[in-house]
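Enquirer: Mind looking over this structure? Questions follow.
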Amino acid sequence: QQMREHIISSMIYPFLLVFVGGAAVVILMMFVIPRFAQIFTDMGQALPLPTQILMSVSNGFQSYWWAILGGLIAVVVTARQALKNERTALSFDQFKLKVPVLGELLQKIEVARFARTLGTLVENGVPLIQALKIVKNVITNRVISEAMSRAAIDANGKGKKGKDIISSITKGKGISRPLTESGVFPELAVSMVTIGEESGQLETMLGKVADIYEIDVKNTLKRLISLLEPLMILVMGVIVGFIVISMLMAVFSINNIEM
13 QQMREHIISS
23 MIYPFLLVFV
33 GGAAVVILMM
43 FVIPRFAQIF
53 TDMGQALPLP
63 TQILMSVSNG
73 FQSYWWAILG
83 GLIAVVVTAR
93 QALKNERTAL
103 SFDQFKLKVP
113 VLGELLQKIE
123 VARFARTLGT
133 LVENGVPLIQ
143 ALKIVKNVIT
153 NRVISEAMSR
163 AAIDANGKGK
173 KGKDIISSIT
183 KGKGISRPLT
193 ESGVFPELAV
203 SMVTIGEESG
213 QLETMLGKVA
223 DIYEIDVKNT
233 LKRLISLLEP
243 LMILVMGVIV
253 GFIVISMLMA
263 VFSINNIEM
């Protein structure tokens, strides 16, 4: 819960920046630029190319705002409906894990959630098998959740349908080997779980795994935010700068003609 709150609080400013910047651009395109466009049209003078492009975009916003809004709503609704399908949702979760930087971050978040939840349950006396059943429902990424259920890989590295982690524990095999065979849990996390099993301090090591990956997630988020903030400011600055320069070019062009 604390990690989730930290992630949400970290993303508030970037989302706010995008929202405010986007709203400013829409207001300029819908209400400010058309007034200048009318003035330039009444004067009947040829406008610089950047200004013509800006006017065309503004006209598009004014004429087809309903289509743009409807298209966005349709995309959101279609995506939500598609993600209700298990196969589509699984494919999307696979895609997220393969995205550079984001995939690794999501994996670390799930590992931290897995370790923290399982460690807390075991520490409070919940039987390991029952605790794993609970943890499986806590994992939000379907790929990792499926890997917990089907964690067997043959010696050649080709996946095969195997017994789940719970069955392995029932037969006294522990959880470290199935976690290794799943291919989605980092080597460090698996090694620490193995040490915890062998030393009889599984819940303690799970807590340390959670601590390590929670700190790693926080540091990664800080680095991402520190990169995203100036990047978004730069993008918004370029867009607004293009609008301002295009308008100034038109004004200077008209003044030169009058002179």
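Numbering-wise (the working numbering), the sequence shown opens with residue 13 and increments by one. C-beta: ideal position from N, C-alpha, C; glycine also.
#1: Taking contact to mean 3 or more Cβ pairs, one atom from each stretch, closer than 8 Å, check whether the region 212-228 and the region 120-132 are in contact.
#2: Which residues mark the beginning and the end of the alpha helix (DSSP H) in which I141 is found?
#3: Roughly how far, in whole angstroms, is the beta-carbon of M244 from the beta-carbon of V30, given that I think they are within contact range, below 8 Å?
#4: When you compare only the Cα positions, how much space is there between F52 and P26?
#5: Using three-state DSSP, classify K96 as helix, strand or coil.
#6: Can you give me the Cβ contacts of E135 inside the same chain, cut-off strictly under 7 Å, excluding the 5 residues immediately before and after it?
#7: Let me check understanding here. Comparing Cα to Cα, which of P198, T100 and K234 lies closest to A124?
#8: Throw me the rounded Cβ distance for the N153 and D105 pair, which I believe falls under 8 Å.
#9: According to DSSP, simplified to helix, strand and coil, what is A58?
#10: In this structure, does DSSP put T43 in helix, strand or coil?
#11: When DSSP labels each residue in this structure, what does G137 get in the three-state scheme?
#12: For chain D, is any of its Cβ atoms less than 8 Å away from the one on L59?
#13: Which one of L61, T100, I24 and V37 has the shortest CA to CA distance from V250?
#14: Taking 6 Å as the limit between beta carbons, can you name the residues of its chain near A159, skipping five residues before and five after?
#15: Helix, strand or coil for Q213 per DSSP?
#16: Between the region 66-76 and the region 105-122, can you find at least three pairs of beta-carbon atoms closer than 8 Å?
#17: By the DSSP assignment, the alpha helix (DSSP H) with P190 in it spans what residues?
#18: Tell me whether M67 is buried or exposed, calling it buried when 16 or more other Cβ atoms sit within 10 Å of its Cβ.
#19: Excluding the 5 residues preceding and the 5 following M42 in the sequence, name in chain order all residues of the same chain whose CB lies nearer than 8 Å to its CB.
#20: What is the rounded straight-line gap between the Cα of A167 and the Cα of L117?
#21: Name the residue from I237, S258 and K96 whose alpha carbon lies nearest to the alpha carbon of I20.
#22: When burial is assigned at 16 or more other CB atoms within 10 Å of the CB, is A222 buried or exposed?
#23: My output table needs one value for P26: the three-state DSSP class, helix, strand or coil.
#24: Taking buried to mean at least 16 other C-beta atoms within 10 Å of its own C-beta, is A163 buried or exposed?
#25: Check P112 in the structure and name its three-state DSSP category.
Expert: Short version:
#1: yes
#2: L140 to V150
#3: That pair is a contact at about 6 Å.
#4: One alpha carbon belongs to F52, the other to P26, and they sit about 36 Å apart.
#5: coil
#6: E215
#7: Relative to the Cα of A124, the nearest Cα in the group P198, T100 and K234 belongs to P198.
#8: 5 Å
#9: coil
#10: Going by the sequence as given, residue 43 is Phe instead of Thr. If DSSP states are grouped into helix, strand and coil, F43 belongs with the helices.
#11: coil
#12: Chain labels in this structure do not include chain D; a single protein chain is all it has.
#13: V37
#14: S194 and V196
#15: coil
#16: no
#17: S188 to S194
#18: buried
#19: Residues S70, F73, Q74 and W77 of the same chain have their beta carbon placed closer than 8 Å to that of M42, with the five preceding and five following residues left out of the count.
#20: Because A167 sits at a pLDDT of 26, beneath the cut-off of 50, its placement in the model cannot be relied upon, and the point is left open.
#21: I237
#22: buried
#23: helix
#24: Legend: pLDDT at A163 = 43, less than 50; position of this residue unreliable, value from coordinates given subsequently. Flag for A163 reads buried.
#25: Coil, per DSSP.
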